[in-house]
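Going down the list, the sequences are from chains G and U. Per this note's numbering, the very first residue in the first sequence carries number 20; after that it's consecutive. Per this note's numbering, the very first residue in the second sequence carries number 20; after that it's consecutive. A virtual CB, placed ideally from N, CA and C, is assigned to each residue, including glycine.
Protein chains: 2
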Amino acid sequence: MLVVKKFGGSSVANKERIFNVARRCIDDYKKGNKVVVVLSAMGDTTDDLIALANDINPDAPKREMDMLLSIGEQQSVALMAMAMAKLGVPAISLNAFQVAMHTTSQYSNARFKRVDKDRILHELDAGKIVIVTGFQGVNKYDDITTLGRGGSDTTAVAIAATLNADRCEIFTDVDGVYTADPRIVKNARKLPEISYDEMLELASLGAQVLHNRSVEMAKKYGVTLVVRSSLNESEGTLVREVNTVEKMLVSGVACDKHAARIALIGVKNEPGVAFKVFDLLAKAGINVDMILQSVGRDDKKDISFTVDETEAKDAMKVLKENKDRLTITDFQDEENVAKLSIVGAGMQTNPGVAARMFGALYDAGVNIRMISTSEIRITVLIDLADVDRAMNAVHAEFMEEIEN
Amino acid sequence: MLVVKKFGGSSVANKERIFNVARRCIDDYKKGNKVVVVLSAMGDTTDDLIALANDINPDAPKREMDMLLSIGEQQSVALMAMAMAKLGVPAISLNAFQVAMHTTSQYSNARFKRVDKDRILHELDAGKIVIVTGFQGVNKYDDITTLGRGGSDTTAVAIAATLNADRCEIFTDVDGVYTADPRIVKNARKLPEISYDEMLELASLGAQVLHNRSVEMAKKYGVTLVVRSSLNESEGTLVREVNTVEKMLVSGVACDKHAARIALIGVKNEPGVAFKVFDLLAKAGINVDMILQSVGRDDKKDISFTVDETEAKDAMKVLKENKDRLTITDFQDEENVAKLSIVGAGMQTNPGVAARMFGALYDAGVNIRMISTSEIRITVLIDLADVDRAMNAVHAEFMEEIEN
């Protein structure tokens, strides 16, 4: 069996944890499996590097940020190879150049285009455990790119897809996918399995178990994912095409506290303005999430949208530079908001789910600022201060009744 | 003019120093020069990484050590590019892969085979300052190699040679090449210029101003070197083909405190034994320096030699594993020794220099353990405890008389 195992930064934060990961991988290897390990940077390394860069140039070129940040994973993989050697098992570390993890050109937010399999297969065939740097790639200029936060999951899935691996295990500090964040909702339960689509909605909505692109890619290439704990041996949650006859109405409640809301006030009420706004943002590489446009009154309308809070500054900059062309009178930039979502494949065939969710929030005294839906998801934007109360109310409404 | 400027780890140890280096490079750039900067890892980064590795595996595979250590320079160059961007000058950092700095395969002690110039020239032509990682290369397996301590000098010279640069400036914490280490010999003087051969002897003998391979390469390709201070604007010392009519008898006194002496006792007195010993060491990649073989008595002889203290452990290991085959009765491994050398192109045509040196040491009560000479150098192995006294005595004998 060929297994790809991905461990996050906290799993390799110090010597003891590095050896712990090494032993887990070696256990698999000694069962006769071929093992590829994908690692993130140790502990706070990435944050420390960002702080170092910000101290020198808060507006550092993104190309150079990626050049800098990529060293974190290279450190992890080299140390892991040393730990495995110490334990008597042949291992080799490879960075993005050495594997040849080809990505798009966009620094700090690149996407995989193609992963070469020759070098990894060559090393696996030589009987080695192969340890690959997560989070990074190389673009057509031979420059180092990074995939953005959580990108190591995507690296693991991209490698699993390329090698046609039997499974791709994502180790985290939780032991699987829960119906809600157990730190916020005490009745949250672990799911034995979940479909790609549900996981995708949960991931893209802030359930920080898996990076959303990794789930997209797993779905596209049919990679079986396993989310499990790096701290214990429990089975975790399988993410794959689920074919249970009766799908759960709601499989999870997620929140994303890192949303920012930007409101454009007094935009001229004429065709094409919204296009211009979002085209500009897209060209600047900013992902817009929820969008709300007021019904135009007189010749003016308001447009609100959410972005990840890390992109809010860039978005505001782009918009302000084009204020006149976009006919914007005023801006509002608000970061004390959060997205709350429910996700469930059964939602498609069960009307009234949205109404029940809004009712639960109303009963809990939570004000809804924006609403967005997909076939298997309903998301509301609420005040950051209301998150815990809202999560528990919604979880109680959908998840706790199902259990009985 | 095309200038390559190399700055060591202490010159980029913190934010202030990074900006200091950035400004110096920008001064050159603004005069219309094309500037390539080669950097070492910041401050103690390399030592910290070695400590991290040793904690995990004191016998770490050298390939993985190089993978680990190379991140130090990548950090420096990325931060330097950010600093230059902050100062409004376009700059780009490049690592060994990106430049394509091809080396031999030997990890931790690789040598350059070929440096590609396309990427660097492309970026220079685009009006950028190009910042390259020192100390590292890539071998034919696409693995990262390092050149050993001080290798960043060699990187700078290799790039200067490849680009046919007008000069290659090596910035250090001293402001030039001195007749002796001023910390040990208070009468030491700065030399305005010195020949490649003299510098080479000084460099390979522990005058830590320049890495010996860098001088070899500079000589081979006729690269004009300038050794100067990163802390002030003083002129420094030119290293080039010197054609002064009367060459100095002795241009410098150097000491190397990092020597180790290994003695092989009771080796069988038959042909081929010495060959076997040094062939084995060569195959293990260990550089042997001074060699002394006793005149054989009966059927036994002793062989002593010196190696860098960092290679003493490896050398002893190789020899012990082959003890029987090499017919060695016993070993001695001694690290409290130092090499003291005098270097001067004028020595070739002036007999009696060695006798004067030995006389000065005798007068100072310094015991000579081994002797080795070249056309322009005389080296003696002495006890580590005698170094300062010996340096001053020899410097007084040769250098202080010349001045008057």
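Indicate whether the contact test is met: 3 or more Cβ pairs, each with one atom in the segment 38 to 50 of chain U and one in the segment 157 to 169 of chain U, closer than 8 Å.
no
Grab me the residues of residue 219 of chain G's own chain with a C-beta within less than 8 Å of its C-beta, minus the 5 sequence neighbours each way, in chain order.
231, 234, 235 and 238
Just the Cα atoms here: how many angstroms apart are residue 213 of chain G and residue 256 of chain G?
7 Å
Helix, strand or coil for residue 314 of chain G? Go by DSSP, reduced to three states.
coil
By a C-beta neighbour count over all protein chains shown, 10 Å radius and 16 as the cutoff for buried, is residue 117 of chain U buried or exposed?
buried
Environment of residue 422 of chain G [buried if 16+ CB atoms lie within 10 Å]
Low per-residue confidence applies at residue 422 of chain G: pLDDT is 43, beneath 50, and the placement is therefore not dependable, though the value from the model is reported in the following sentence. Exposed, because fewer than 16 other Cβ atoms sit within 10 Å of the Cβ of residue 422 of chain G.
Tell me the residue span of the beta strand (DSSP E) that contains residue 389 of chain G.
389 to 393
Where the segment 98 to 121 of chain U meets chain G: residues whose CB sits under 8 Å from a CB there
98, 100, 101, 102, 104, 105, 111, 112, 114, 116 and 117
Roughly how many whole angstroms lie between the Cα atoms of residue 254 of chain U and residue 83 of chain G?
33 Å
What does residue 161 of chain U reach in chain G if we use C-beta pairs closer than 8 Å?
116, 117 and 138
Which whole runs of the beta strand (DSSP E) in the segment 153 to 234 of chain U are 3 residues long or more, in chain order?
155 to 157, 163 to 165 and 186 to 191
Which residues of the segment 62 to 74 of chain G have a Cβ closer than 8 Å to any Cβ of chain U? Give them in chain order.
68, 71, 72 and 74
Using 8 Å as the limit for Cβ to Cβ distance, is residue 264 of chain U near chain G?
Confidence at residue 264 of chain U is low in this model, with a pLDDT of 47, below 50, so its placement is unreliable and the value that follows should be read with caution. It does not; no Cβ of chain G falls within 8 Å.
Among residues of its own chain, excluding the 5 on either side of residue 312 of chain U, which ones have a beta-carbon nearer than 6 Å to its beta-carbon?
322
At 7 Å on the CB atoms, spell out the chain G contacts of residue 87 of chain U, in chain order.
94, 97 and 98
So the alpha helix (DSSP H) residue 353 of chain G belongs to, where does it begin and stop?
No alpha helix (DSSP H) contains residue 353 of chain G, which is instead part of the beta strand (DSSP E) from 349 to 362.
Roughly how far, in whole angstroms, is the beta-carbon of residue 59 of chain G from the beta-carbon of residue 95 of chain G, given that I think they are within contact range, below 8 Å?
7 Å
Euclidean distance between Cα positions of residue 325 of chain G and residue 51 of chain U
47 Å
With a CB to CB cut of under 7 Å and the five nearest residues on each side skipped, what residues in its chain are close to residue 369 of chain U?
268
Residue from U:46, U:291, U:33 and U:32 with nearest C-alpha to residue 252 of chain U:
U:46
Reference residue 343 of chain U, options U:283, U:191, U:158 and U:365, closest by Cα
U:283
Between the C-alpha atoms of residue 392 of chain G and residue 261 of chain G, what's the straight-line distance to the nearest angstrom?
22 Å
For residue 53 of chain U, which of U:248, U:202, U:363 and U:20 has the nearest alpha-carbon?
U:20
Which residue from U:85, U:192 and U:362 puts its Cα closest to that of residue 418 of chain U?
U:362
Among U:143, U:79 and U:64, whose alpha-carbon lies nearest the alpha-carbon of residue 93 of chain U?
U:64
Cβ shell of residue 297 of chain G (< 7 Å), same chain only, five flanking positions each side left out
307
Which residues of chain U have a Cβ atom closer than 7 Å to the Cβ of residue 76 of chain G, listed in chain order?
101, 102, 104 and 105
Looking at C-beta atoms only, is the number of pairs between the segment 135 to 150 of chain G and the segment 170 to 188 of chain G that lie closer than 8 Å three or more?
yes
Under DSSP, the alpha helix (DSSP H) around residue 87 of chain G begins and ends at which residues?
81 to 105
Using the beta-carbon count (16 or more within 10 Å), is residue 200 of chain U buried or exposed?
buried
Is there a Cβ from chain U that is less than 8 Å from the Cβ of residue 83 of chain G?
yes
Answer yes or no: does any C-beta atom of chain G fall closer than 8 Å to that of residue 211 of chain U?
no
So the alpha helix (DSSP H) residue 298 of chain U belongs to, where does it begin and stop?
292 to 302
Indicate the three-state DSSP secondary structure (helix, strand or coil) for residue 345 of chain G in the structure shown.
coil
Exposure label - residue 358 of chain U; buried when at least 16 CB within 10 Å
buried
With 8 Å set as the bound, which would you pick, yes or no: does the beta-carbon of residue 80 of chain U sit closer than that to a beta-carbon of chain G?
yes
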